[in-house]
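The sequence shown begins at 1 in UniProt numbering and counts up by one.
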Amino acid sequence: MATSTAVLLDVQSASRSFGGLKALSEVSLHINKGELIGLIGPNGAGKTTLFNLLTGVYPPSTGKIILAGESVGGMKPYKINHKGAARTFQNIRLFTAMTVLDNVKIAFHQHARHSMFTSMLRLPKHFKGEGDITQKALDILKIFNLVDHAYELAGNMSYGNQRRLEIARALAAGPKLLLLDEPAAGMNPNETRDLMNLIAWIRKEFDLTILLIEHDMSLVMGVCDRIYVLDRGMLIADGTPAEIRSNSKVIEAYLGQEA
1 MATSTAVLLD VQSASRSFGG LKALSEVSLH INKGELIGLI GPNGAGKTTL FNLLTGVYPP
61 STGKIILAGE SVGGMKPYKI NHKGAARTFQ NIRLFTAMTV LDNVKIAFHQ HARHSMFTSM
121 LRLPKHFKGE GDITQKALDI LKIFNLVDHA YELAGNMSYG NQRRLEIARA LAAGPKLLLL
181 DEPAAGMNPN ETRDLMNLIA WIRKEFDLTI LLIEHDMSLV MGVCDRIYVL DRGMLIADGT
241 PAEIRSNSKV IEAYLGQEA
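What follows is the structure, encoded as C-alpha coordinates:
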(Lines of atoms letter the chains of each structure in order from A; the text may use other names.)
(Lines give C-alpha, C1' and ligand atoms only; values in the text may rest on other atoms or scores of the structure.)
Protein backbone atom coordinates (compact mmCIF):
# COMPACT_ATOMS: atom_id res chain seq x y z
CA MET A 1 0.00 0.00 0.00
CA ALA A 2 1.32 3.43 -0.90
CA THR A 3 1.90 5.73 2.03
CA SER A 4 2.00 9.48 2.33
CA THR A 5 5.23 11.25 3.18
CA ALA A 6 3.27 13.24 5.78
CA VAL A 7 4.37 12.30 9.30
CA LEU A 8 1.34 11.43 11.41
CA LEU A 9 3.17 10.50 14.62
CA ASP A 10 6.51 11.96 15.68
CA VAL A 11 8.06 10.82 18.96
CA GLN A 12 11.07 12.91 19.92
CA SER A 13 13.46 11.62 22.62
CA ALA A 14 10.63 10.37 24.84
CA SER A 15 11.60 9.00 28.25
CA ARG A 16 9.56 7.74 31.17
CA SER A 17 10.79 7.06 34.69
CA PHE A 18 9.01 5.44 37.62
CA GLY A 19 10.93 6.47 40.69
CA GLY A 20 14.49 5.34 40.06
CA LEU A 21 13.51 2.99 37.21
CA LYS A 22 13.81 4.34 33.66
CA ALA A 23 11.25 2.37 31.67
CA LEU A 24 11.94 4.28 28.42
CA SER A 25 15.09 6.16 27.53
CA GLU A 26 15.30 8.76 24.73
CA VAL A 27 13.05 6.90 22.30
CA SER A 28 12.51 8.60 18.93
CA LEU A 29 10.41 7.25 16.08
CA HIS A 30 8.10 8.47 13.36
CA ILE A 31 5.17 6.99 11.48
CA ASN A 32 4.02 8.32 8.13
CA LYS A 33 0.34 8.47 7.24
CA GLY A 34 -0.82 5.12 5.93
CA GLU A 35 2.05 3.03 7.30
CA LEU A 36 1.69 -0.18 9.27
CA ILE A 37 4.53 -0.24 11.79
CA GLY A 38 5.59 -3.03 14.14
CA LEU A 39 6.99 -2.52 17.63
CA ILE A 40 8.77 -5.57 19.03
CA GLY A 41 11.11 -6.49 21.87
CA PRO A 42 11.41 -8.92 24.78
CA ASN A 43 9.10 -8.76 27.78
CA GLY A 44 9.86 -5.69 29.85
CA ALA A 45 11.40 -3.82 26.92
CA GLY A 46 9.03 -0.86 27.34
CA LYS A 47 6.58 -1.48 24.49
CA THR A 48 3.36 -1.07 26.46
CA THR A 49 4.89 1.85 28.38
CA LEU A 50 5.42 3.60 25.04
CA PHE A 51 1.79 2.89 24.08
CA ASN A 52 0.74 4.38 27.42
CA LEU A 53 2.69 7.56 26.64
CA LEU A 54 1.18 7.79 23.17
CA THR A 55 -2.37 7.47 24.51
CA GLY A 56 -2.07 9.63 27.62
CA VAL A 57 -2.08 6.96 30.33
CA TYR A 58 1.26 8.42 31.45
CA PRO A 59 2.88 11.72 30.52
CA PRO A 60 6.44 11.49 29.20
CA SER A 61 9.07 12.42 31.79
CA THR A 62 11.00 14.12 28.98
CA GLY A 63 10.61 14.48 25.24
CA LYS A 64 7.75 15.29 22.87
CA ILE A 65 4.90 13.35 21.29
CA ILE A 66 3.37 15.00 18.24
CA LEU A 67 0.21 13.62 16.64
CA ALA A 68 -0.97 15.13 13.34
CA GLY A 69 1.18 18.19 13.96
CA GLU A 70 -0.04 18.80 17.52
CA SER A 71 1.85 18.13 20.75
CA VAL A 72 -0.19 15.63 22.79
CA GLY A 73 2.33 14.53 25.43
CA GLY A 74 0.64 14.76 28.82
CA MET A 75 -2.90 15.17 27.44
CA LYS A 76 -5.69 13.15 29.05
CA PRO A 77 -6.49 9.88 27.25
CA TYR A 78 -9.94 11.01 26.10
CA LYS A 79 -8.46 14.15 24.54
CA ILE A 80 -5.83 12.15 22.64
CA ASN A 81 -8.61 9.80 21.53
CA HIS A 82 -10.52 12.81 20.17
CA LYS A 83 -7.35 13.90 18.35
CA GLY A 84 -7.38 10.62 16.46
CA ALA A 85 -5.53 7.88 18.40
CA ALA A 86 -7.38 4.72 19.50
CA ARG A 87 -5.94 1.59 21.05
CA THR A 88 -6.50 -1.94 22.23
CA PHE A 89 -4.91 -3.38 25.35
CA GLN A 90 -2.66 -6.34 26.10
CA ASN A 91 -5.26 -7.45 28.64
CA ILE A 92 -8.71 -7.23 27.08
CA ARG A 93 -10.77 -4.32 28.45
CA LEU A 94 -14.36 -4.73 27.40
CA PHE A 95 -17.61 -3.91 29.18
CA THR A 96 -18.28 -7.60 29.76
CA ALA A 97 -21.74 -7.09 31.29
CA MET A 98 -22.89 -5.12 28.23
CA THR A 99 -23.85 -6.49 24.83
CA VAL A 100 -21.38 -6.71 21.98
CA LEU A 101 -23.41 -4.07 20.13
CA ASP A 102 -23.37 -1.65 23.08
CA ASN A 103 -19.60 -2.00 23.42
CA VAL A 104 -19.21 -0.67 19.88
CA LYS A 105 -21.95 1.96 20.22
CA ILE A 106 -20.06 3.53 23.14
CA ALA A 107 -17.17 4.36 20.81
CA PHE A 108 -19.52 5.96 18.28
CA HIS A 109 -21.24 8.11 20.91
CA GLN A 110 -18.27 10.47 21.24
CA HIS A 111 -19.03 11.60 17.68
CA ALA A 112 -22.80 11.71 18.15
CA ARG A 113 -24.53 14.74 16.68
CA HIS A 114 -27.48 14.72 19.09
CA SER A 115 -26.88 16.44 22.42
CA MET A 116 -27.56 15.32 25.96
CA PHE A 117 -30.45 17.81 25.98
CA THR A 118 -32.20 16.12 23.03
CA SER A 119 -31.57 12.72 24.61
CA MET A 120 -33.03 13.76 27.97
CA LEU A 121 -36.17 15.11 26.32
CA ARG A 122 -36.39 12.14 23.95
CA LEU A 123 -36.68 14.44 20.95
CA PRO A 124 -36.85 13.05 17.40
CA LYS A 125 -33.21 13.97 16.80
CA HIS A 126 -32.26 11.64 19.65
CA PHE A 127 -33.96 8.63 18.08
CA LYS A 128 -32.55 9.37 14.63
CA GLY A 129 -29.06 9.73 16.12
CA GLU A 130 -29.39 6.49 18.07
CA GLY A 131 -30.65 4.69 14.99
CA ASP A 132 -27.71 5.91 12.93
CA ILE A 133 -25.24 4.83 15.62
CA THR A 134 -26.83 1.40 15.93
CA GLN A 135 -26.59 0.84 12.18
CA LYS A 136 -22.96 1.99 12.08
CA ALA A 137 -22.13 -0.34 14.98
CA LEU A 138 -23.79 -3.27 13.22
CA ASP A 139 -21.84 -2.47 10.05
CA ILE A 140 -18.58 -2.59 12.03
CA LEU A 141 -19.59 -5.90 13.61
CA LYS A 142 -20.26 -7.36 10.15
CA ILE A 143 -16.68 -6.56 9.13
CA PHE A 144 -15.40 -8.54 12.11
CA ASN A 145 -17.90 -11.41 11.64
CA LEU A 146 -19.45 -10.57 15.00
CA VAL A 147 -22.90 -9.39 13.94
CA ASP A 148 -24.48 -12.70 14.98
CA HIS A 149 -23.22 -11.98 18.51
CA ALA A 150 -24.55 -8.39 18.57
CA TYR A 151 -27.03 -8.96 21.42
CA GLU A 152 -24.87 -11.39 23.36
CA LEU A 153 -23.02 -10.25 26.47
CA ALA A 154 -19.43 -9.45 25.54
CA GLY A 155 -18.15 -11.48 28.48
CA ASN A 156 -19.84 -14.64 27.16
CA MET A 157 -17.92 -14.68 23.87
CA SER A 158 -14.82 -16.74 23.14
CA TYR A 159 -11.43 -15.22 23.82
CA GLY A 160 -10.68 -14.80 20.11
CA ASN A 161 -13.98 -13.02 19.49
CA GLN A 162 -13.38 -10.72 22.46
CA ARG A 163 -10.05 -9.77 20.88
CA ARG A 164 -11.82 -8.98 17.61
CA LEU A 165 -14.48 -6.97 19.43
CA GLU A 166 -11.85 -4.82 21.11
CA ILE A 167 -10.35 -3.98 17.71
CA ALA A 168 -13.84 -3.27 16.33
CA ARG A 169 -14.56 -0.89 19.20
CA ALA A 170 -11.28 0.95 18.65
CA LEU A 171 -12.06 1.25 14.96
CA ALA A 172 -15.51 2.66 15.75
CA ALA A 173 -13.84 5.68 17.36
CA GLY A 174 -12.81 6.79 13.87
CA PRO A 175 -9.07 6.97 14.54
CA LYS A 176 -6.30 8.28 12.32
CA LEU A 177 -3.84 6.13 14.27
CA LEU A 178 -4.80 2.67 15.53
CA LEU A 179 -2.55 1.16 18.21
CA LEU A 180 -2.86 -2.59 18.66
CA ASP A 181 -1.25 -4.09 21.76
CA GLU A 182 -0.65 -7.82 21.13
CA PRO A 183 -3.89 -8.43 19.22
CA ALA A 184 -2.97 -12.06 18.48
CA ALA A 185 -2.26 -12.97 22.11
CA GLY A 186 -3.97 -16.25 22.96
CA MET A 187 -4.99 -17.00 19.38
CA ASN A 188 -4.24 -20.21 17.55
CA PRO A 189 -2.32 -20.18 14.22
CA ASN A 190 -5.48 -20.13 12.10
CA GLU A 191 -6.96 -17.25 14.11
CA THR A 192 -3.65 -15.40 13.85
CA ARG A 193 -3.57 -15.81 10.08
CA ASP A 194 -7.15 -14.53 9.79
CA LEU A 195 -6.27 -11.59 12.03
CA MET A 196 -3.24 -10.74 9.87
CA ASN A 197 -5.46 -10.60 6.80
CA LEU A 198 -8.05 -8.54 8.67
CA ILE A 199 -5.49 -5.97 9.85
CA ALA A 200 -4.18 -5.56 6.32
CA TRP A 201 -7.72 -5.18 5.00
CA ILE A 202 -8.94 -2.58 7.52
CA ARG A 203 -5.76 -0.59 7.00
CA LYS A 204 -6.58 -0.26 3.31
CA GLU A 205 -10.35 0.01 3.63
CA PHE A 206 -10.33 2.69 6.35
CA ASP A 207 -7.14 4.48 5.25
CA LEU A 208 -5.61 3.82 8.65
CA THR A 209 -2.15 4.22 10.09
CA ILE A 210 -1.38 1.35 12.46
CA LEU A 211 1.21 0.75 15.19
CA LEU A 212 1.33 -2.88 16.26
CA ILE A 213 2.91 -4.56 19.29
CA GLU A 214 3.14 -8.28 18.72
CA HIS A 215 5.24 -11.28 19.75
CA ASP A 216 4.04 -13.45 16.87
CA MET A 217 6.82 -12.88 14.33
CA SER A 218 4.88 -14.40 11.44
CA LEU A 219 2.23 -11.71 11.90
CA VAL A 220 4.73 -8.86 12.32
CA MET A 221 6.91 -9.88 9.40
CA GLY A 222 3.87 -10.56 7.24
CA VAL A 223 2.05 -7.23 7.50
CA CYS A 224 4.45 -4.49 8.64
CA ASP A 225 6.19 -1.94 6.40
CA ARG A 226 8.81 -1.12 9.01
CA ILE A 227 9.65 -2.38 12.48
CA TYR A 228 11.08 -0.68 15.57
CA VAL A 229 12.82 -2.79 18.22
CA LEU A 230 13.03 -1.91 21.91
CA ASP A 231 15.27 -3.56 24.48
CA ARG A 232 15.50 -2.46 28.13
CA GLY A 233 13.70 0.78 27.34
CA MET A 234 16.00 1.77 24.49
CA LEU A 235 15.49 1.70 20.74
CA ILE A 236 18.11 -0.67 19.33
CA ALA A 237 17.02 -1.05 15.69
CA ASP A 238 14.54 -0.01 13.03
CA GLY A 239 14.06 -1.03 9.43
CA THR A 240 12.13 -3.25 7.05
CA PRO A 241 11.16 -6.78 8.12
CA ALA A 242 14.08 -8.16 6.06
CA GLU A 243 16.52 -5.77 7.73
CA ILE A 244 15.23 -6.57 11.22
CA ARG A 245 15.32 -10.30 10.59
CA SER A 246 19.02 -10.14 9.82
CA ASN A 247 20.03 -7.54 12.42
CA SER A 248 22.54 -9.07 14.85
CA LYS A 249 21.47 -6.83 17.76
CA VAL A 250 17.86 -7.88 17.33
CA ILE A 251 18.73 -11.55 17.07
CA GLU A 252 20.76 -11.32 20.25
CA ALA A 253 18.14 -9.35 22.17
CA TYR A 254 14.95 -10.99 21.03
CA LEU A 255 14.49 -13.09 17.92
CA GLY A 256 17.10 -15.74 18.55
CA GLN A 257 16.45 -18.91 16.61
CA GLU A 258 13.11 -17.55 15.35
CA ALA A 259 15.08 -15.39 12.92
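Ideal Cβ placement from N, Cα and C applies to all residues, glycine included.
Please read these numbers as outputs of a predicted model, since none were measured by experiment.
- Following the continuous beta strand (DSSP E) through Phe-18, name the residue where it begins and the one where it ends. Here residue 18 refers to the residue found at position 18 when the sequence shown is read from its first residue. It spans 7 to 18 - the beta strand (DSSP E) in which Phe-18 sits, taken as one unbroken run.
- Message: Assess contact between the region 199 to 209 and the region 232 to 248, defined as three or more Cβ pairs (one per stretch) separated by less than 8 Å. Is contact present?
- Response: Three or more Cβ pairs closer than 8 Å define a contact, and the region 199 to 209 falls short of that threshold against the region 232 to 248.
- Check whether Gln-12 and Gly-63 have beta carbons under 8 Å apart: Position 12 of the sequence shown, counted from the first residue, corresponds to residue 12. Position 63 of the sequence shown, counted from the first residue, corresponds to residue 63. Contact annotation: Gln-12 and Gly-63 have beta-carbon atoms nearer than 8 Å.
- Item | From Ser-25, Phe-51, Leu-29, Ser-61, residue whose alpha carbon lies closest to that of Glu-214 | Here residue 214 refers to the residue found at position 214 when the sequence shown is read from its first residue. Ranking the options by Cα distance to Glu-214, first place goes to Phe-51.
- Message: On the DSSP letters alone, give me the boundaries of the beta strand (DSSP E) that His-30 sits inside.
- Response: The residue you call residue 30 lines up with position 30 of the sequence shown. Counting along the chain, the beta strand (DSSP E) containing His-30 begins and ends at 21 to 32.
- Item | Test item: CB-CB of Arg-16 and Leu-53 under 8 Å | Along the sequence shown, read from residue 1 onward, the residue named residue 16 stands at position 16. Along the sequence shown, read from residue 1 onward, the residue named residue 53 stands at position 53. Contact: yes.
- Nearest to Val-223 by alpha carbon, out of His-30, Leu-29, Leu-9, Leu-39? One-based indexing of the sequence shown puts residue 223 at position 223. Nearest C-alpha to Val-223: Leu-39.
- The alpha helix (DSSP H) spanning Asp-194 covers which residue range? One-based indexing of the sequence shown puts residue 194 at position 194. 189 to 205 is the extent of the alpha helix (DSSP H) around Asp-194.
- Message: On a Cα-Cα basis, can you pick out the residue from Lys-105, Gly-174, Asp-194, Thr-192 that is closest to Tyr-151?
- Response: Against the sequence shown, residue 151 aligns to sequence position 151. For the residues Lys-105, Gly-174, Asp-194, Thr-192, the minimum Cα distance to Tyr-151 belongs to Lys-105.
- Item | Nearest-angstrom Cβ-Cβ length linking Ala-172 and Ala-107, presumed shorter than 8 Å | Sequence index remark: in the sequence shown, residue 172 carries index 172 (1-based). Sequence index remark: in the sequence shown, residue 107 carries index 107 (1-based). Going by Cβ atoms, the distance from Ala-172 to Ala-107 rounds to 4 Å, so yes, they are a contact pair.
- Task: Tell me the start and end of each unbroken beta strand (DSSP E) in the region 19 to 100 that is at least 3 residues and wholly inside, in chain order.
- Result: The qualifying runs are 21 to 32, 36 to 40, 62 to 67, 85 to 87.
- If you draw a straight line from the C-alpha of Gly-69 to the C-alpha of Met-75, how long is it? Here residue 69 refers to the residue found at position 69 of the sequence shown. Here residue 75 refers to the residue found at position 75 of the sequence shown. Met-75 has its alpha-carbon roughly 14 Å from the corresponding atom of Gly-69.
- Message: Along the chain, where does the beta strand (DSSP E) containing Leu-212 start, and where does it finish?
- Response: As a first step, residue 212 is located in the sequence shown; it is residue number 212 there, counting from the start. Counting along the chain, the beta strand (DSSP E) containing Leu-212 begins and ends at 209 to 213.
- Going straight from the alpha carbon of Asn-247 to that of Arg-226, what length do you get? Along the sequence shown, read from residue 1 onward, the residue named residue 247 stands at position 247. Along the sequence shown, read from residue 1 onward, the residue named residue 226 stands at position 226. Asn-247 and Arg-226: Cα-Cα distance of roughly 13 Å.
- Report back the beta-carbon spacing between Gly-34 and Thr-209 to the nearest angstrom; my notes put them in contact at under 8 Å. Within the sequence shown, the letter at position 34 stands for residue 34. Within the sequence shown, the letter at position 209 stands for residue 209. About 6 Å separates the CB atoms of Gly-34 and Thr-209; that is less than 8 Å, so the two are in contact.
- Count the other CB atoms, across all protein chains shown, that sit within 10 Å of the CB of Ala-84; report buried if there are 16 or more and exposed otherwise. Reading the sequence shown from its first residue, position 84 is the one you call residue 84. Note on identity: in this sequence residue 84 is Gly, with Ala being the wrong assignment. Its Cβ being crowded by 16 or more others within 10 Å, Gly-84 is buried.
- Helix, strand or coil for Arg-226 per DSSP? Here residue 226 refers to the residue found at position 226 when the sequence shown is read from its first residue. Three-state DSSP puts Arg-226 in a strand.
- Query: Would DSSP call Leu-219 helix, strand or coil?
  - Reply: On the sequence shown, residue 219 is found 219 positions in, with the first residue counted as 1. In the structure shown, Leu-219 sits in a helix (DSSP, three-state: H, G or I).
- Val-57 to Glu-252 span [Cα, whole Å]: Along the sequence shown, one-based indexing puts residue 57 at 57. Along the sequence shown, one-based indexing puts residue 252 at 252. C-alpha separation (whole angstroms): 31 Å.
- Message: Short of 7 Å in beta carbon distance, which residues of its chain neighbour His-149, apart from the five on each side in sequence? Order them along the chain.
- Response: Residue 149 sits at position 149 when you count from the first residue of the sequence shown. Correct list, in chain order: Val-100, Met-157, Asn-161.
- Message: Using the three-state DSSP reduction, which class does Leu-178 fall into: helix, strand or coil?
- Response: The sequence position of residue 178 within the sequence shown is 178, counting from 1. Strand at Leu-178.
- Query: Helix, strand or coil: how does DSSP classify Ala-184 here?
  - Reply: The residue given as residue 184 occupies position 184 in the sequence shown. It is coil, neither helix nor strand.
- Message: For Pro-77, count the other beta carbons within 10 Å of its own beta carbon; 16 or more makes it buried, fewer makes it exposed. Which is it?
- Response: The residue you call residue 77 lines up with position 77 of the sequence shown. Around the beta carbon of Pro-77, fewer than 16 other beta carbons lie within 10 angstroms, which makes this residue exposed.
- Query: Exposed or buried, Asn-145, counting other C-beta atoms within 10 Å across all chains shown (16 or more means buried)?
  - Reply: Mapped onto the sequence shown, residue 145 falls at position 145. Asn-145 comes out exposed.
- Item | Per-residue DSSP class, three states only, for Leu-153 | Translated into positions along the sequence shown, residue 153 becomes position 153. DSSP places Leu-153 in strand when its eight states are reduced to three.
- Determine the closest residue to Glu-205 out of Ser-71, Ile-140, Pro-241, with distance taken between C-alpha atoms. On the sequence shown, position 205 is the one that residue 205 refers to. With respect to the C-alpha of Glu-205, the residue from Ser-71, Ile-140, Pro-241 having the closest C-alpha is Ile-140.
- When DSSP labels each residue in this structure, what does Gly-233 get in the three-state scheme? Locating residue 233 in the sequence shown gives position 233, counting from the first residue. Coil at Gly-233, not helix or strand.
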